[in-house]
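Chemist: Mind looking over this structure? Questions follow.
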Amino acid sequence: MHKDEIEINKELVKNLIAEQFPQFNNLSLWEVNSTGTVNTIYRLGDKYYVRLPRLDWANESLLNEWRILPVISNHLTLAVPEIVKKGEPSIDYPLHWAIYKWIDGDTIDNSSINEVETAKSLAEFIMELRSIHILEDAPKAGRKPLYELDEMTVNAIRECDSDIDNEKALKVWRKLLNTKSWDGNPVWIHADLLKPNLIVREGRLFAIIDFGSAGIGDPAFDIIPAWTIFTSKSRYLFRSLLNVDDYTWLRAKAYALHQAALIIPYYRKSNPAFVNQAKNTITNILLSTEVL
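Following our numbering, the numbering of the sequence shown begins with 138 at its first residue and continues without gaps.
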């Protein structure tokens, strides 16, 4: 999926487990099919899964998750990852890795959901996250200000070719660039509430996974699901529940467009399911009716 990713296979994972956690040797092991792009996931028996970063920079994301989960997990109603064992780098695999408790359910992209109930549950999760006390050493999260992302976003939109309406997307992006920059107090944010990180059980949102990008920052980053997940009435219900002001709403829309535009050309061949999600996001953005 990436030119510089680490080769990970079943034999490697079995060897890592045997070397560091031999008590799990007798459990079955198989790769989990996912639209996730940064980590490889293997199911370990019925109760666990193994998570291994594909890229060097993702090692820090895993360490970040280890630091953050103990701070925030007890404050959240939805289930979150529970770490069982922390794996160390080895001769065969140079990064940290981990064993977690398995969370039963499906990712939201593989499930039919009630959008209204999902909007309520996700808004509640975000409000709970924002209410958690911020520690002095809390990591910063989110992306650069919009104006610093202009060139790469414009280039990405153009590289999307016929996958999207390029001219309309460029027009929307240029208008969104005028949005007032964030100057408020930082709050805890997940910062990666894309479909692969939302777990559904029996049609209801049950868990949020992958806190590797979490930290404190602009609340707009957790409003991105308004266009990546929700449509029509549920989108504006989501906004209402979180009492999102106009500037935060438009920044979120801009970051959603930026993120989706980068995904399409990069993953066009390696992860078409993820690309389809990004194309749907841009369609939702271009069809939304709020005045810029």
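Just so you know, even glycine gets a beta-carbon here, dropped at the ideal spot from N, CA and C.
Spell out the partners DSSP gives Thr244 in its beta bridges.
Modeler: Residue 244 sits at position 107 when you count from the first residue of the sequence shown. BP columns for Thr244 point to Ile336.
Chemist: What did DSSP end up calling Ile209 once you bin it into helix, strand or coil?
Modeler: What you label residue 209 is simply residue 72 of the sequence shown in a count that begins at 1. Note: Ile209 maps to helix in three-state DSSP.
Chemist: Looking only at C-alpha atoms, which of Arg341, Phe161, Leu423, Asn170 sits nearest to Val309?
Modeler: Translated into the one-based positions of the sequence shown, residue 309 becomes position 172. For the residues Arg341, Phe161, Leu423, Asn170, the minimum Cα distance to Val309 belongs to Leu423.
Chemist: Is Asp241 buried or exposed, if buried means 16 or more other CB atoms sit within 10 Å of its CB?
Modeler: Mapped onto the sequence shown, residue 241 falls at position 104. Asp241 comes out exposed.
Chemist: Identify every run of the alpha helix (DSSP H) within the segment 274 to 362, keeping only runs that are complete inside it and at least 4 residues long; order them along the chain.
Modeler: Listed in chain order, the complete alpha helix (DSSP H) runs (minimum 4 residues) inside the segment 274 to 362 are 287 to 296, 303 to 313.
Chemist: Count the other C-beta atoms from every protein chain shown that fall within 10 angstroms of the C-beta of Ser258, then say buried if there are 16 or more, exposed otherwise.
Modeler: On the sequence shown, residue 258 is found 121 positions in, with the first residue counted as 1. The residue is buried, with at least 16 neighbouring Cβ atoms inside 10 Å.
Chemist: Look at Lys277 and Gly340 and say whether their C-beta atoms are less than 7 Å apart.
Modeler: Along the sequence shown, one-based indexing puts residue 277 at 140. Along the sequence shown, one-based indexing puts residue 340 at 203. In this structure, Gly340 does not lie closer than 7 Å to Lys277 by Cβ.
Chemist: Would you identify the three-state DSSP class for Ile400, choosing helix, strand or coil?
Modeler: Here the question's residue 400 lines up with position 263 in the sequence shown. Reduced to three states, the DSSP call for Ile400 is helix.
Chemist: If we count Cβ pairs, one from each stretch, closer than 8 Å, do we get three or more for the segment 328 to 344 versus the segment 176 to 190?
Modeler: Contact fails: fewer than three Cβ-Cβ distances are below 8 Å.
Chemist: On the DSSP letters alone, give me the boundaries of the alpha helix (DSSP H) that Ala410 sits inside.
Modeler: Position 273 of the sequence shown, counted from the first residue, corresponds to residue 410. 409 to 424 is the extent of the alpha helix (DSSP H) around Ala410.
Chemist: Excluding the 5 residues flanking His212 on each side, which residues of the same chain have their C-beta closer than 8 Å to its C-beta?
Modeler: Position 75 of the sequence shown, counted from the first residue, corresponds to residue 212. Hits under 8 Å: Glu265, Leu266, Ser268, Ile269.
Chemist: Pull up the distance between the alpha-carbon of Gln157 and that of Ser165, whole angstroms please.
Modeler: Locating residue 157 in the sequence shown gives position 20, counting from the first residue. Locating residue 165 in the sequence shown gives position 28, counting from the first residue. Rounded to the nearest angstrom, the two C-alpha atoms are 17 Å apart.
Chemist: Could you tell me which of Lys222, Glu304, Lys281 sits nearest to Asn292, measuring between CA atoms?
Modeler: The sequence position of residue 292 within the sequence shown is 155, counting from 1. Of the candidates Lys222, Glu304, Lys281, the one whose C-alpha sits nearest the C-alpha of Asn292 is Glu304.
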